[in-house]
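Engineer: Residues in the sequence shown are numbered consecutively from 1, following full-length UniProt numbering.
We put the CB at the ideal spot given by N, CA and C, even for glycine.
These figures come from a predicted structure and were not determined experimentally.
Pasting a structure below so you can have a look.
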Amino acid sequence: MREIVMLGTSPRTQRSASSVQLPADYTTQASTVPIFHYRTKDFIVDLRKPIESSSSKGQPERADLKELLHSRWQEAKSRNAFNYGLNCMYKLLEGQYNLSMQYRQVWRPFRLDMEAIGFAHEWLGYGIITVDQLNVERGELRRKPMRFKHIREPFNPLRWNFTKLNENEIMLYLRCEDRPITSDPLDRHVIAVNASPLERDHSLIIPSINKCLPQVLTKTAIRLATDIMLLVADDSFNILFNSLLGQASVNHLHMHCLYWPYESDLINRRFEHLNDLANVYIIEPPNWLCSAIAFQLTSLEEYDTFRSNLTRCVEFLTEQNQAHNVFITRAQPIRTNGPVQEEDRARIRPQLVTAYVFPRVNASGK
Numbered sequence: 001m002r003e004i005v006m007l008g009t010s011p012r013t014q015r016s017a018s019s020v021q022l023p024a025d026y027t028t029q030a031s032t033v034p035i036f037h038y039r040t041k042d043f044i045v046d047l048r049k050p051i052e053s054s055s056s057k058g059q060p061e062r063a064d065l066k067e068l069l070h071s072r073w074q075e076a077k078s079r080n081a082f083n084y085g086l087n088c089m090y091k092l093l094e095g096q097y098n099l100s101m102q103y104r105q106v107w108r109p110f111r112l113d114m115e116a117i118g119f120a121h122e123w124l125g126y127g128i129i130t131v132d133q134l135n136v137e138r139g140e141l142r143r144k145p146m147r148f149k150h151i152r153e154p155f156n157p158l159r160w161n162f163t164k165l166n167e168n169e170i171m172l173y174l175r176c177e178d179r180p181i182t183s184d185p186l187d188r189h190v191i192a193v194n195a196s197p198l199e200r201d202h203s204l205i206i207p208s209i210n211k212c213l214p215q216v217l218t219k220t221a222i223r224l225a226t227d228i229m230l231l232v233a234d235d236s237f238n239i240l241f242n243s244l245l246g247q248a249s250v251n252h253l254h255m256h257c258l259y260w261p262y263e264s265d266l267i268n269r270r271f272e273h274l275n276d277l278a279n280v281y282i283i284e285p286p287n288w289l290c291s292a293i294a295f296q297l298t299s300l301e302e303y304d305t306f307r308s309n310l311t312r313c314v315e316f317l318t319e320q321n322q323a324h325n326v327f328i329t330r331a332q333p334i335r336t337n338g339p340v341q342e343e344d345r346a347r348i349r350p351q352l353v354t355a356y357v358f359p360r361v362n363a364s365g366k
């Protein structure tokens with residue numbers, strides 16, 4: 001929700017001892033990719049109480065991150081940046097967890113049971129099912145996933161990574177004006193298209209792309225994900241992370257961001273407090289289909305605490321070599337009493353940034 005700056009070319013290429021140097025055409029000095037500038041005062045904590053627009057204060061209208069993401073995604077589509085066209089439908093499945101499934105209009109016969117689903121996709125814990133066997137083109141045309149044997153495998157520049165993206169796949173760079181995302185001024189925080197998308201505007205968030213970090217969630221990545229969630233005023237917008245051994249297909253730090261037409265029933269479930277920590281909760285079967293740890297951002301005063309708690313959680317799982325998925329979305333205030341499931345049918349409760357961490361069985365490659 002800040003100004004957009006288009007970068008021109010420059011004959012000079014900055015170098016930093018603290019960064020892995022990218023080829024010249026991947027630096028912002030030699031790029032026409034826009035930089036999205038924002039400030040922490042642009043954050044929307046509760047979608048029921050959006051911040052006052054700039055124009056209403058007599059100031060120039062600020063750019064909207066949601067609109068910019070969509071327009072840049074459409075531009076990439078017009079340049080044939082995707083492996084296939086989207087032609088998906090959705091279905092709510094019967095059962096106590098109200099799962100939602102995406103599939104192609106023409107799809108191959110496939111035995112749909114919980115065992116097959118559990119191994120088919122990484123986002124089942126949140127209630128989303130996208131089985132590649134039901135999305136024929138994604139299953140056949142997406143880049144072949146890599147296989148891994150450990151959560152902390154080092155970055156390998158000889159394997160495919162995001163420094164190999166074409167410029168028409170880079171949608172924008174992110175920069176916070178009043179609170180820099182990192183201390184390295186040469187860091188490039190990128191949002192790029194997903195060449196094998198699940199849904200319209202499905203994109204990849206790549207923190208510090210110039211540092212070529214392995215697929216381990218970092219403080220910077222969590223900061224970036226939190227900021228983006230606070231900037232996008234849409235309750236169907238989500239950010240997801242898959243660890244190695246947790247269905248990540250590339251060992252270069254990245255997260256997914258996408259819209260999903262159905263809200264997960266997880267946001268309506270009753271949780272329990274975790275060790276009396278503020279705004280940290282846990283849920284286990286049968287209240288939900290799998291165990292999850294939840295963190296909720298209730299005010300900007302809790303901004304640092306929210307990120308710190310989430311970071312400590314994923315760092316612990318990583319140290320234990322435990323695969324995990326992280327799903328960040330908007331949810332009503334987490335309850336610890338009342339019925340097991342309670343929807344906000346009146347749509348009056350706050351919509352807060354909420355992160356769910358799902359420890360899972362390691363799925364190592366051979």
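Need the endpoints of the alpha helix (DSSP H) that Gln74 sits in, please.
Structural biologist: 65-78
Engineer: Once DSSP output is grouped into helix, strand and coil, what is the label at Ser100?
Structural biologist: strand
Engineer: Going by CA-CA distance only, name the one from Ser243, Pro285, Pro350 that's closest to residue 409.
Structural biologist: The question about residue 409 has no answer here: the residues shown for the chain are numbered 1 through 366.
Engineer: In the structure shown, what three-state DSSP assignment does Cys313 receive?
Structural biologist: helix
Engineer: Is the region 155-173 close to the region 260-279, with three or more CB pairs under 8 angstroms?
Structural biologist: no
Engineer: Measure from the alpha carbon of Ile205 to the alpha carbon of each residue in Leu69, Thr40, Val357, Pro339, then state which is nearest.
Structural biologist: Leu69
Engineer: Would you decide whether Arg312 is buried or exposed? Buried here means 16 or more other CB atoms lie within 10 Å of its CB.
Structural biologist: exposed
Engineer: Given a cut-off of 8 angstroms on the beta-carbon distance, is the pair Glu199 and Leu258 in contact?
Structural biologist: yes
Engineer: Let's test the definition: count the other Cβ atoms within 10 Å of the Cβ of Ile348 and tell me whether it reaches 16, buried, or not, exposed.
Structural biologist: exposed
Engineer: Between the beta-carbon of Val357 and the beta-carbon of Ala278, is there less than 8 angstroms?
Structural biologist: Taking 8 angstroms as the Cβ cut-off, Val357 and Ala278 do not qualify as a contacting pair.
Engineer: Tell me Cys257's beta-bridge partners as DSSP assigns them.
Structural biologist: Ser203, Ile239
Engineer: From which residue to which residue does the alpha helix (DSSP H) around Leu274 run?
Structural biologist: Annotation: Leu274 is outside any alpha helix (DSSP H) and is labelled neither H nor E by DSSP.
Engineer: Expressed to the nearest angstrom, what Euclidean distance is found between the alpha-carbon atoms of Asn321 and Lys77?
Structural biologist: 38 angstroms
Engineer: Specify the secondary structure class of Asn325 as computed by DSSP and reduced to three states.
Structural biologist: strand
Engineer: At which residues does the alpha helix (DSSP H) containing Arg223 begin and terminate?
Structural biologist: 219-231
Engineer: Taking just the CA atoms, how far does Lys91 sit from Leu352?
Structural biologist: Here the alpha carbon of Leu352 sits roughly 26 angstroms from the alpha carbon of Lys91.
Engineer: Anyone know if the C-beta pair for Leu244 and Phe162 falls short of 8 angstroms?
Structural biologist: no
Engineer: Residue range of the beta strand (DSSP E) that Pro359 falls in?
Structural biologist: 352-359
Engineer: Spatial neighbours of Pro197 within its chain, please: C-beta separation below 7 angstroms, excluding the five flanking residues on both sides.
Structural biologist: Phe82, Leu86
Engineer: Which one or two residues does DSSP pair with residue 417 in a beta bridge?
Structural biologist: The structure shown does not extend to residue 417, since the chain spans only 1 to 366, so no value can be given for it.
Engineer: Would you mind working out which of Arg330, Arg152, Cys176, Ala63 sits nearest Asn362, comparing C-alpha positions?
Structural biologist: Arg152
Engineer: Can you list, in chain order, the residues of its chain whose CB lies under 7 angstroms from that of Thr220, leaving out five sequence neighbours each side?
Structural biologist: Ile181, Thr182, Pro207, Ser208
Engineer: Just verifying my parser: in three-state terms, what is the DSSP assignment at Asp304?
Structural biologist: helix
Engineer: To which residues does DSSP link Phe148 through a beta bridge?
Structural biologist: Per DSSP, none; premise fails for Phe148.
Engineer: Below 8 angstroms CB to CB, which residues in the same chain sit around Met146 once its five sequence neighbours on both sides are set aside?
Structural biologist: Counting only Cβ-Cβ distances below 8 angstroms, and skipping sequence neighbours, we find Arg159, Trp160, Ser249, Val250, Asn251, Gly365.
Engineer: Return the residue from the list Asn98, Arg39, Tyr173 that minimises the CA-CA distance to Thr32.
Structural biologist: Tyr173
Engineer: Classify Asp304 as buried or exposed, calling it buried when 16 or more other Cβ atoms lie within 10 Å of its own Cβ.
Structural biologist: exposed
Engineer: Quick one: grab the DSSP three-state call for Phe43.
Structural biologist: In the displayed model, Phe43 falls within coil according to three-state DSSP, outside both helix and strand.
Engineer: Leaving out five residues before and five after Ile191 in sequence, what residues of the same chain have Cβ atoms less than 6 angstroms from its Cβ?
Structural biologist: Met171, Leu172, Ser203, Ile205
Engineer: Look at the alpha carbon of Asn98 and the alpha carbon of Leu266, and state the distance between them as a whole number of angstroms.
Structural biologist: 9 angstroms
Engineer: Residues in the same chain with beta-carbon distance under 7 angstroms from Asp344, minus the five sequence neighbours each way, listed in chain order, please.
Structural biologist: Gln332
Engineer: Would you report the Cα separation of Asp201 and Val216, rounded to the nearest angstrom?
Structural biologist: 24 angstroms
Engineer: Can you give the Cα-Cα distance for Pro214 and Thr318, rounded to whole angstroms?
Structural biologist: 12 angstroms
Engineer: State buried or exposed for Gly338, treating a residue as buried only when at least 16 other CB atoms are found within 10 Å of its CB.
Structural biologist: exposed
Engineer: For Arg175 and Leu230, what's the separation of their Cα atoms in angstroms?
Structural biologist: 14 angstroms
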